[in-house]
Amino acid sequence: MIELDNMAYSYGGGELLSGVSLQLQPGAFHFLTGPSGSGKTTFLRLCYGDLTATAGAVRLFGNDVRDLSRDDLAIMRRRIGVVHQDCQFLDHLPLYENIALPLTVSEQGGVEEAHLRELIQWVGLAKRARALPPELSGGERQRAALARAIIMSPDVILADEPTGNVDWEMSQRLLTLLIELNRLGKTVLIATHDLALIRAAKSQVQARVLRIANRKLQFAGADL
Amino acid sequence: MIELDNMAYSYGGGELLSGVSLQLQPGAFHFLTGPSGSGKTTFLRLCYGDLTATAGAVRLFGNDVRDLSRDDLAIMRRRIGVVHQDCQFLDHLPLYENIALPLTVSEQGGVEEAHLRELIQWVGLAKRARALPPELSGGERQRAALARAIIMSPDVILADEPTGNVDWEMSQRLLTLLIELNRLGKTVLIATHDLALIRAAKSQVQARVLRIANRKLQFAGADL
Amino acid sequence: MNPIQYVMSILEADTQADRVVPPTGHTVRLTLFSAAAMAFLAVFAMALSMATGRLAVRWGDELARSSTIRISAPAAQEAAQTEAALRVLSTTPGIKSARALTPEEEQALLEPWFGNGVLLSALPVPQLIEVIEEGDGYDVNGLRLRLQAEVPGATLDDHSQWRKPLIRAAYSLRRLGTLSLLLIGGTMAAIITLAATAALAANGQVIRVLRLVGATDSYIASAFVRRFTLRALIGGVIGTVIGMGAVFLLPGAQAEGGFLTGLGFQGWQWLWPLIIPPMGAVVAFFATRGAAMRTLRGLR
Amino acid sequence: MNPIQYVMSILEADTQADRVVPPTGHTVRLTLFSAAAMAFLAVFAMALSMATGRLAVRWGDELARSSTIRISAPAAQEAAQTEAALRVLSTTPGIKSARALTPEEEQALLEPWFGNGVLLSALPVPQLIEVIEEGDGYDVNGLRLRLQAEVPGATLDDHSQWRKPLIRAAYSLRRLGTLSLLLIGGTMAAIITLAATAALAANGQVIRVLRLVGATDSYIASAFVRRFTLRALIGGVIGTVIGMGAVFLLPGAQAEGGFLTGLGFQGWQWLWPLIIPPMGAVVAFFATRGAAMRTLRGLR
Ligand SMILES: Nc1ncnc2c1ncn2[C@@H]1O[C@H](COP(=O)(O)OP(=O)(O)OP(=O)(O)O)[C@@H](O)[C@H]1O
Ligand SMILES: Nc1ncnc2c1ncn2[C@@H]1O[C@H](COP(=O)(O)OP(=O)(O)OP(=O)(O)O)[C@@H](O)[C@H]1O
Ligand SMILES: [Mg+2]
Ligand SMILES: [Mg+2]
Chain A
320 MIELDNMAYS YGGGELLSGV SLQLQPGAFH FLTGPSGSGK TTFLRLCYGD LTATAGAVRL
380 FGNDVRDLSR DDLAIMRRRI GVVHQDCQFL DHLPLYENIA LPLTVSEQGG VEEAHLRELI
440 QWVGLAKRAR ALPPELSGGE RQRAALARAI IMSPDVILAD EPTGNVDWEM SQRLLTLLIE
500 LNRLGKTVLI ATHDLALIRA AKSQVQARVL RIANRKLQFA GADL
Chain B
320 MIELDNMAYS YGGGELLSGV SLQLQPGAFH FLTGPSGSGK TTFLRLCYGD LTATAGAVRL
380 FGNDVRDLSR DDLAIMRRRI GVVHQDCQFL DHLPLYENIA LPLTVSEQGG VEEAHLRELI
440 QWVGLAKRAR ALPPELSGGE RQRAALARAI IMSPDVILAD EPTGNVDWEM SQRLLTLLIE
500 LNRLGKTVLI ATHDLALIRA AKSQVQARVL RIANRKLQFA GADL
Chain C
858 MNPIQYVMSI LEADTQADRV VPPTGHTVRL TLFSAAAMAF LAVFAMALSM ATGRLAVRWG
918 DELARSSTIR ISAPAAQEAA QTEAALRVLS TTPGIKSARA LTPEEEQALL EPWFGNGVLL
978 SALPVPQLIE VIEEGDGYDV NGLRLRLQAE VPGATLDDHS QWRKPLIRAA YSLRRLGTLS
1038 LLLIGGTMAA IITLAATAAL AANGQVIRVL RLVGATDSYI ASAFVRRFTL RALIGGVIGT
1098 VIGMGAVFLL PGAQAEGGFL TGLGFQGWQW LWPLIIPPMG AVVAFFATRG AAMRTLRGLR
Chain D
858 MNPIQYVMSI LEADTQADRV VPPTGHTVRL TLFSAAAMAF LAVFAMALSM ATGRLAVRWG
918 DELARSSTIR ISAPAAQEAA QTEAALRVLS TTPGIKSARA LTPEEEQALL EPWFGNGVLL
978 SALPVPQLIE VIEEGDGYDV NGLRLRLQAE VPGATLDDHS QWRKPLIRAA YSLRRLGTLS
1038 LLLIGGTMAA IITLAATAAL AANGQVIRVL RLVGATDSYI ASAFVRRFTL RALIGGVIGT
1098 VIGMGAVFLL PGAQAEGGFL TGLGFQGWQW LWPLIIPPMG AVVAFFATRG AAMRTLRGLR
């Protein structure tokens, strides 16, 4: 699905990531950790073509990102659900319309009402569905971002710190949702600092843990 | 320092908080927990006069918030350092100027260069001091927000999820900073989901844990 | 579908597909207002331009195009010389008509000087010939030379001495009208462009979110373009209607048939301002498209 | 401190205290540009207004204020009647001067009709008296009656028949100039207001952050007010300078001394446009202050 081939990236100063190779297969479940500022968000942005590698290649569904036209990229993004670290919404639309936004812009016809309602229910936002994003709590926004990422049933789900602002029970609930999607064959990659979450996941699914350290991507050992 | 007297708050719908009473004494160290959407951020906003209680009274340094003029409130805020959940910065100013902003707007003369540099060093942002806020990682922004909150040596520090996006080591480091400030007599109130952080703090300082549940503020037992 | 339904359907289409663009806010209001303000000024510039144009045409026609030939000759030769002059004039290119004034007409002309009690026949009044030009007019010096040769008693007075400044004034007024029309049109385009660009810049966040959830460039651009073009069009219509109303209500706009009929439109000229709103919309269309594309190019 | 240093110090003060307000961006540019565009148009409106004002004054002075009295009497009585008429005129209120034309002047006046070969003395030319009015002018009917009684051969020709439309035209032009000045001034104020408001709305985030870190309302408002007022002033100066340059370079702006001296300023009139930039700044000052206070009132 997503292939990184000896990729490097720099924002202009020194290299932030270098010699990164990774293949995300359908059905894989990965965690991504690393100190704050090590490049986790950057890594994810490279994975959905928001940034272009300064060296090496990134292939999305078999296509090199550099060869994709802007429209191809937009259409490819509909197959990748992303939870951003700073959840960005359209502040003038109520929550449920924000969650349905990927469907709206794909012009693939309407939202399945029932599906949308069920999803909103699952992330615990049923009562807040008509609220505007600025009226939500931090955790509510994060849950909404996750709901928006998966509304299109994407093939790949990239989540950047999806549980940073929610309590332990809710984070378990969200994890369950992601694990269930993974069981349906979706590829999942979660960047997180929360080691407890990783431990909880490992007991339920065969998850691998990646770690960014010294500009390299490594597989973490069993010490977690 | 901050006194809440049988206070209630509602955003317009049902009551979110009710019958809340609390006295934050100089030198107190409190944690605030509660499920996502229970009203932690709302509680903090009430504590620094960003919201006005719908019933009961909130007193800052002995003054009822409702009686404060807008200018009084602004000046009082300089005695309260706040770390917001969604760290808001001036995107056109480099990080170090953003951290020094409370000093700039208080017009109390310049920043002590050395103090500012030391603080930036402590939160691990020395290398990023000249970056603009949009160029920072999530954790870097959070650390910057904490630095901005304490640059004025305020009497009270209110931190909303200050470690949601940073790794364990960094969160320990930030905790140490807050505990040190508390030892200097500052009042500290931290809203967080991170139970591990609370446990770590309890071993170093006499911290009390508040919990919002069913619209009430309770003291959590020793079960944490 | 009647026209009102059609317009309503456009307005409603906007509420459906373009919900992704914030519906109100200062930036949209700015576009609306600047389009309206500029349309308003443009209507006035147009009215000024038309009024001065009319004035120039009238002065041009009535004053510039006539001249006088005076035959001062002994009474016996006067008729013959008049004949000769008329013959010369009939073969001069650029002259539409030439005709000897009747004694009554001459008397009317001289009345201010002598009063109406004077018998013209008692005075050695020269015969006057009124010449009306056509096209680019005739060659004054050429005609003067021919008359000198063939009609010794004739003097050509082409009125240009004292009428030229009037003509100059009329044309300078007309240039002024055209100039203000151009200036205001240009400023209108610039302000609408800038308002649309600023409005779009203020919506950078919206564009970023849309791009992140997989919207194509053309989807995003056209959502903005529709909304802002519509706003510019509506603003333009409002400004134009108010402007036309104001011009209509201006004192002196009603044709008085005087020297200068005042600021205003006449007859079919009232149709001219109607091109202002579509032009504003076209400007907004390209400005918004350009700005949207520029913003989008900065994103991946 | 020389003036340039003084201006530079204002510009630099801005970079010091007002760094909290984003220095560039579309909204600031919008304020700058709309101030410039409006100043530019205002200069032209002012030039138009002054040109038409000049025209009205000249036509008013030269045409409206003179009339003619014709004395048609037997040669013997002519001198006496002229004397009598002048006496009447000297006691009529509203008349500045009255004087009999010399034979040479009369000949010059009649030349277009008779050519310059005619001896005036051979003609029964009436004596003409030129009357110059002052103030509100004299009572035409009253004077006519008095002349009828005291100078039987006198006829008063007050020129109003054919000159009135000219005067009307001049005043209608002048009204037009004033009207466009008012229109453009009003639009200028409205656009600057809206641009400043939109710019401020786009900076809502900045205001929120400043308020949260303990800035007082007056600190926030004045930071914005300084910046936007300065931008409006700079924009106004740029627009005014370009506008004045364009007016100066306009063909016909150089005094030709003709009927209409063309669009332009003369002498001290060049000072008038200099009030445009400060006026734009004042408008921006109040608009920004109002908008800042409104935004702030929404926050605690
Ligand atoms: N401006 C607002 N208008 C209406 N409702 C609001 C507004 N702000 C917050 N709320 C609602 O009030 C409730 C409490 O919000 P608050 O932000 O205080 O929660 P929280 O405890 O901080 O949650 P989290 O841990 O997710 O940050 C939420 O359900 C939220 O949707
Ligand atoms: N647009 C940018 N321009 C320049 N530097 C940037 C930019 N974005 C991020 N950086 C820098 O790159 C580094 C990695 O950022 P990134 O956001 O990928 O970190 P992260 O691992 O996600 O951290 P966190 O856990 O704090 O979110 C940081 O030091 C950050 O300051
Ligand atoms: Mg990150
Ligand atoms: Mg919160």
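These protein sequences, in sequence, are chains A, B, C and D.
Quick note: to get my numbering, add 319 to the position in the first sequence (first position is 1).
Quick note: to get my numbering, add 319 to the position in the second sequence (first position is 1).
Quick note: to get my numbering, add 857 to the position in the third sequence (first position is 1).
Quick note: to get my numbering, add 857 to the position in the fourth sequence (first position is 1).
Where is the CB? At the ideal position from N, CA and C, for every residue including glycine.
Keep in mind that this is a model prediction, so the values were computed, not measured.
Under 8 Å between C-beta atoms of residue i and residue j
| i | j | result |
| --- | --- | --- |
| Thr360 of chain A | Asp479 of chain A | yes |
| Met895 of chain D | Met1101 of chain D | no |
| Val1066 of chain C | Gln344 of chain A | no |
| Thr888 of chain C | Ile1049 of chain C | yes |
| Leu1080 of chain C | Ala892 of chain C | The residue asked about is misnamed: residue 1080 of chain C is Ala in this sequence, not Leu. Taking 8 Å as the Cβ cut-off, Ala1080 of chain C and Ala892 of chain C do not qualify as a contacting pair. |
| Ala463 of chain B | Leu455 of chain B | yes |
| Ile418 of chain B | Arg467 of chain B | yes |
| Thr1097 of chain D | Thr1145 of chain D | no |
| Leu985 of chain C | Arg1001 of chain C | no |
| Ile439 of chain B | Cys366 of chain B | no |
| Leu1099 of chain C | Phe897 of chain C | The sequence shown places Ile at residue 1099 of chain C, rather than the Leu named in the question. Result yes, Cβ atoms of Ile1099 of chain C and Phe897 of chain C sit closer than 8 Å. |
| Leu422 of chain A | Ile470 of chain A | yes |
| Glu935 of chain D | Ile928 of chain D | yes |
| Gly472 of chain A | Gly1071 of chain C | A small fix is needed here, since residue 472 of chain A is Ser in this sequence, not Gly. Going by C-beta atoms, Ser472 of chain A is not nearer than 8 Å to Gly1071 of chain C. |
Near ligand 1: residue i beta-carbon under 7 Å from a heavy atom
| i | result |
| --- | --- |
| Gly504 of chain B | no |
| Glu488 of chain A | no |
Residue i beta carbon near ligand 3 (any heavy atom closer than 7 Å)
| i | result |
| --- | --- |
| Thr360 of chain A | yes |
| Gln407 of chain A | no |
| Gln404 of chain B | no |
Residue i: CB within 7 Å of a non-hydrogen atom of ligand 2
| i | result |
| --- | --- |
| Ala1072 of chain C | no |
| Arg1084 of chain C | no |
| Tyr415 of chain B | no |
| Tyr330 of chain A | yes |
Neighbour flag for residue i against chain E, beta carbons, 8 Å
| i | result |
| --- | --- |
| Thr1035 of chain C | Structure shown: chain E not included; protein chains present are A, B, C and D. |
Ligand 4 heavy atom lying under 7 Å from the CB of residue i
| i | result |
| --- | --- |
| Ser456 of chain A | yes |
| Asp479 of chain B | yes |
| Gln525 of chain A | no |
Same chain only: Cβ atoms within 7 Å of residue i, ignoring 5 sequence neighbours per side
| i | result |
| --- | --- |
| Gly1114 of chain D | Residue confidence is low: Gly1114 of chain D scores 40 on pLDDT, short of 50, so the model does not pin down where it sits. No coordinate-derived value is stated. |
| Phe358 of chain A | Here residue 358 of chain A turns out to be Gly, not Phe, going by the sequence shown. Only Leu335, Leu336, Ile531 meet the Cβ criterion. |
| Leu516 of chain A | Thr482, Ser490, Leu494 |
| Phe1116 of chain C | With a pLDDT of only 39 at Phe1116 of chain C, under 50, the local geometry of the prediction cannot be trusted, and no value is derived from it. |
| Val900 of chain D | Thr1097, Gly1100, Met1101, Val1104, Pro1130, Ile1133 |
Spatial neighbours of residue i in its chain, beta-carbon cut-off 6 Å, leaving aside the 5 residues before and after
| i | result |
| --- | --- |
| Phe348 of chain B | Asn501, Val507, Val524, Ala526 |
| Leu868 of chain C | Annotation note: pLDDT 49 at Leu868 of chain C (below 50); position unreliable, no value reported. |
Residues near residue i in its chain [Cβ-Cβ closer than 8 Å; skip 5 each side]
| i | result |
| --- | --- |
| Asp383 of chain B | Ala376, Val377 |
| Gly368 of chain A | Val377, Leu379, Val384, Leu387, Leu392, Met395, Arg396 |
| Arg449 of chain A | Pro413, Leu414, Tyr415 |
Query raised in the report: Between the segment 331-342 of chain A and the segment 384-400 of chain A, do at least 3 Cβ pairs fall closer than 8 Å?
Result: No: fewer than three Cβ pairs fall under 8 Å.
Report task. With 7 Å as the limit, tell me which residues of the segment 1071-1093 of chain D have their beta carbon closer than that to any beta carbon of chain B; keep them in chain order. Result -> Correct list: Gly1071, Ala1072, Thr1073, Asp1074, Tyr1076.
Query raised in the report: Is there contact here, the segment 930-948 of chain D with the segment 1003-1016 of chain D, by at least three beta-carbon pairs under 8 Å?
Result: Between the segment 930-948 of chain D and the segment 1003-1016 of chain D there are three or more C-beta pairs closer than 8 Å, enough to call the two in contact.
Query raised in the report: Counting pairs of beta carbons, one from the segment 1139-1156 of chain D and one from the segment 1049-1059 of chain D, are three or more of them closer than 8 Å?
Result: Touching, yes, given that three or more Cβ pairs across the two stretches are closer than 8 Å.
**Report entry** Within 8 Å of chain C by C-beta, residues of the segment 411-423 of chain A in sequence order
**Finding:** Here the close residues are His411, Leu412, Glu416, Leu420, Pro421, Thr423.
Report task. Check whether the segment 367-383 of chain A touches the segment 519-531 of chain A, counting contact only when three or more Cβ pairs, one atom from each stretch, lie closer than 8 Å. Result -> No: the two stretches stay apart, fewer than three of their Cβ pairs being nearer than 8 Å.
Requested in this report: Can you give me, in chain order, the residues of the segment 884-896 of chain C that have a beta carbon less than 8 Å from any beta carbon in chain A?
Outcome: Correct list: empty, as no residue qualifies.
Requested in this report: With 9 Å as the C-beta to C-beta threshold (strictly closer), list the residues of the segment 472-503 of chain B near chain A in chain order.
Outcome: Sequence-ordered contacts of the segment 472-503 of chain B with chain A read Asp479, Glu480, Thr482, Gly483, Asn484, Val485, Asp486, Trp487, Glu488, Met489, Ser490 [C-beta pairs closer than 9 Å].
Query raised in the report: Using a Cβ cut-off of 9 Å, which residues of the segment 1117-1145 of chain C contact any Cβ in chain A, in chain order?
Result: Per Cβ criterion, the list is empty.
Query - Selection of the segment 923-942 of chain D by Cβ proximity to chain C, strictly under 8 Å - result: Residues of the segment 923-942 of chain D with a Cβ closer than 8 Å to any Cβ of chain C, in chain order: Thr925, Arg927, Ser929.
Query raised in the report: For the segment 378-394 of chain A, which residues have a CB atom closer than 8 Å to at least one CB atom of chain C, in sequence order?
Result: So the close ones are Arg389, Asp390, Leu392, Ala393, Ile394.
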